[in-house]
Amino acid sequence: MQREAARELADLGQQLRVDAVRAAAAADSGHPTSSMSAADLAAVLLARHLHYDFDDPDHPGNDRLILSKGHASPLLYAMYRAAGVVDDEELLTFRRRDSRLEGHPTPRLPWVDVATGSLGQGLPVGVGMALAGKRLENAPYRVWVLSGDSEMAEGSVWEAAEHAAYEHLDNLTLIIDVNRLGQRGPTRHGWDLDAYARRLDAFGWHTIEVDGHDVEAVDAAFAEASATRSQPTAVIARTRKGRGVAQVEDREGQHGKPLPDADAAIEELGGPRFVRVEVSPPPAAPARRHPAGGPLELPRFETGDSVATRDAYGQALAALGSAREDVVALDGEVGDSTRTEFFAKAHPERYFECYIAEQQLVAAAVGLQARGYVPFAASFAAFLTRAHDFVRMAAVSRAGINLVGSHAGVAIGQDGPSQMGPEDLAMFRAVHGSTVLYPCDANQTAQLVAEIAELTGVRYLRTSRGGTPVIYGPDEEFRPGGSKVLRSTERDRATVVAAGVTVHEALRAAELLAREGIDVRIIDLYSVKPVDAETLREAAEATGCLVTVEDHRVQGGIGDAVAEAFTDGRPVPRLVRLGVQHMPASASPEDQLHLAGIDAESIAAAVRLLVERAVVR
């Protein structure tokens with residue numbers, strides 16, 4: 014590199030530092046020191062190695078840049094100013110109400126693919142993007158992930174590191190800003206670059222240790238990363254937090270706050286600059302695939318047969334994959350149980366085995382959807398709870414992903430409580446903008462698989478291990494937000510609201526009660542969120558009381574979803590909630606339902622008690 018070029022890069026780094034200081038000062042909050050440490054890394058990347066058309070963020074050849082250390086957002090916004098897509102006036106709206114420049118970056122900005130800020134997520138999501146480029150698109154783009162050293166303690170980073178090496182993702186570069194200081198003091202390894210290199214080497218990465226403030230060395234490292242084949246590369250850069258301002262440089266207690274004297278700091282850094290960077294354009298790339306447009310031929314199941322909803326899911330997903338080339342499937346080494354194996358056999362080129370790494374499973378789905386794909390990621394419902402933070406951040410990212418939890422509830426039987434996951438509905442209902450579906454039979458499941466592929470946001474489908482009777486015909490229609498009234502008369506004394514396996518128990522309970530002259534209405538609430546409030550209100554008005562029954566904890570599941578339908582000032586009916594309230598142990602599925610008080614006999618008993626109390630009153 015010529016001396017003049019090196020000087021210009023160093024000058025750009027100073028501009029990025031100044032702008033980070035200015036943005037944080039205007040907001041009177043933020044993380045300027047964390048931005049300042051990585052400024053030289055960002056300058057070299059932006060001016061010399063990033064290939065990106067800022068006028069066309071969706072260009073298929075664009076490199077992808079993920080700021081995993083999302084608290085250093087002032088640096089990212091300073092980069093955008095240098096690229097000419099954020100002006101000086103907008104830069105100084107940082108963290109204000111209605112500003113696109115949030116405290117941590119989100120896709121409100123068209124150049125941000127995914128939200129960051131929950132540390133340890135950038136690299137796992139980057140793996141998903143790199144998988145898309147290497148295995149699906151055959152596109153020339155590179156995925157750059159700028160990470161902090163503190164977040165290297167996160168287990169999700171090492172799930173991603175192993176997966177990236179296993180898949181030989183040589184289109185992925187991790188840049189670690191090793192500035193030695195975390196939020197409350199020194200990081201675990203401080204400036205021991207080799208500690209990071211040894212670990213990544215062991216996972217199969219190519220590693221480069223570098224002085225993060227030597228722009229020529231950083232430039233050479235990035236070039237080496239781009240030239241490396243069959244391995245992902247980590248550029249491990251020694252930096253100083255608060256670089257360039259003596260009052261804060263490499264000093265504890267300066268994290269997450271504006272500089273004490275911003276004007277003096279800006280002067281010390283050489284004052285404001287207005288360097289404009291002409292970012293290299295992306296190379297030509299294949300056009301993105303679009304849905305094939307072929308007819309969707311979902312599996313059809315005969316009424317009266319016993320079919321597990323997980324089987325219907327697997328068959329329907331394979332059929333959906335035949336109709337749409339943008340559908341991809343991921344699994345956490347339980348594909349023979351979740352039945353994702355059906356898709357793997359039919360469409361192996363679009364199947365991703367994530368092994369037992371549920372955080373990476375969800376993160377890869379988020380990365381793949383950012384590249385225009387429609388991912389379905391499956392594991393046991395119990396194990397998806399491990400990835401809750403990734404689900405939460407997927408919502409912040411405005412990501413469209415389909416998650417499928419199988420083997421849900423006590424109905425799985427003898428495997429015991431570690432495998433049951435009776436908390437999943439509550440977890441997914443709490444996610445912003447989510448859709449939560451719990452089908453009870455095979456035809457319903459198949460229809461809902463096709464439906465959720467068309468939705469936005471986080472979509473969750475709960476499936477069951479054991480076979481259940483097929484009660485709906487293959488041409489029956491279902492929609493998110495709907496429900497089905499399976500049994501109704503003008504003489505109904507109560508309404509039983511169920512979903513999944515408890516629908517069949519509720520129908521059996523209705524038969525028991527009918528022999529006693531007690532008629533009950535049965536509602537299949539397959540859409541747990543959004544809930545069919547109108548049907549529930551009509552039932553409450555007609556019968557006066559509701560009994561919810563669910564193979565789930567009573568907190569946060571179907572009972573709460575039903576109760577929320579009456580929170581707009583309408584009269585609240587008598588409401589009895591049946592659900593899992595004990596700690597299960599190993600037992601047969603039938604015994605489990607009985608012990609939890611959610612089998613047909615228990616439902617019938619609850620209705621009898623309600624009816625008796627109504628008579629007494």
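Heads up, the sequence shown is in the working numbering, so the first residue is 14 and it goes up one at a time. Glycine included, C-beta positions come from ideal geometry on N, C-alpha and C. All figures in this text were calculated on a predicted structure; none of them were measured in a lab.
Residue i vs residue j beta-carbon contact at 8 Å
i, j, result
"Gln457", "Tyr326", "no"
"Asp537", "Ala455", "no"
"Asn184", "Val156", "yes"
"Gly225", "Arg264", "no"
"Leu174", "Leu213", "The displayed chain sequence assigns Ala, not Leu, to residue 174. Contact: yes."
"Ser615", "Leu591", "yes"
"Ile188", "Ser160", "yes"
Assigned secondary structure, residue i (DSSP; H/G/I helix, E/B strand, else coil)
i, result
"Val516", "helix"
"Phe356", "helix"
"Lys497", "strand"
"His445", "coil"
"Arg35", "helix"
"His10", "As shown, the chain starts at 14 and ends at 630. That puts residue 10 outside it, with no answer to give."
"Asp232", "helix"
"Asp274", "coil"
"His607", "helix"
"Leu330", "helix"
"Lys254", "coil"
"Val404", "helix"
"His226", "coil"
"Thr548", "helix"
"Thr186", "strand"
"Arg528", "coil"
"Val509", "strand"
"Pro199", "strand"
Boundaries (first-last residue) of the beta strand (DSSP E) holding residue i
i, result
"Val387", "Val387 to Phe393"
"Glu8", "It is not possible to answer for residue 8, since the shown part of the chain is limited to 14 through 630."
"Pro482", "Gly480 to Pro482"
"His565", "Cys558 to Arg566"
"Ile571", "From DSSP, Ile571 is part of no beta strand (DSSP E) but of the alpha helix (DSSP H) over Ile571 to Ala576."
"Asn415", "Ile414 to Ser419"
"Val251", "Residue 251 is actually Arg in this sequence, not Val. Here the beta strand (DSSP E) through Arg251 covers Thr246 to Arg251."
"Gly348", "Run containing Gly348: none in the beta strand (DSSP E); it sits in the alpha helix (DSSP H), Gly348 to Thr351."
"Asp537", "Val533 to Asp537"
"Asp581", "Premise fails: Asp581 is in no beta strand (DSSP E) and is neither H nor E."
Local Cβ density within 10 Å of residue i, reported as buried at 16 or more and exposed below that
i, result
"Glu115", "buried"
"Ala234", "buried"
"Gly413", "buried"
"Phe287", "exposed"
"Met596", "exposed"
"Val585", "exposed"
"Ser431", "exposed"
"Leu309", "exposed"
"Ala555", "exposed"
"Pro435", "buried"
"Pro493", "buried"
"Leu54", "buried"
"Gly97", "exposed"
Backbone CA spacing between residue i and residue j [nearest angstrom]
i, j, result
"Pro199", "Thr515", "53 Å"
"Glu366", "Arg94", "40 Å"
"Val228", "Ser477", "56 Å"
"Gln15", "Asp24", "14 Å"
"Ala512", "Val158", "42 Å"
"Arg108", "Phe314", "54 Å"
"Ala618", "Pro388", "43 Å"
"Ser350", "Ala394", "12 Å"
"Ala33", "Ser42", "11 Å"
"Ala331", "Ala378", "17 Å"
"Leu182", "Ser243", "7 Å"
"Asp428", "Asp604", "13 Å"
"Thr481", "Pro70", "47 Å"
"Ala342", "Ala145", "12 Å"
"Thr322", "Gly570", "19 Å"
"His202", "Cys453", "51 Å"
"Met49", "Gly255", "5 Å"
Where the alpha helix (DSSP H) containing residue i begins and where it ends
i, result
"Tyr368", "Per DSSP, Tyr368 belongs to no alpha helix (DSSP H) and is neither H nor E."
"Gly141", "Gly135 to Leu144"
"Ile465", "Ala455 to Ile465"
"Tyr93", "Ser86 to Ala96"
"Ala210", "Leu206 to Phe216"
"Leu54", "Ala52 to Val57"
"Asp101", "Asp101 to Leu104"
Residue i CB to nearest heavy atom of the ligand GDP below 7 Å
i, result
"Leu520", "Ligands displayed in this structure: none; no statement on the ligand GDP is therefore possible."
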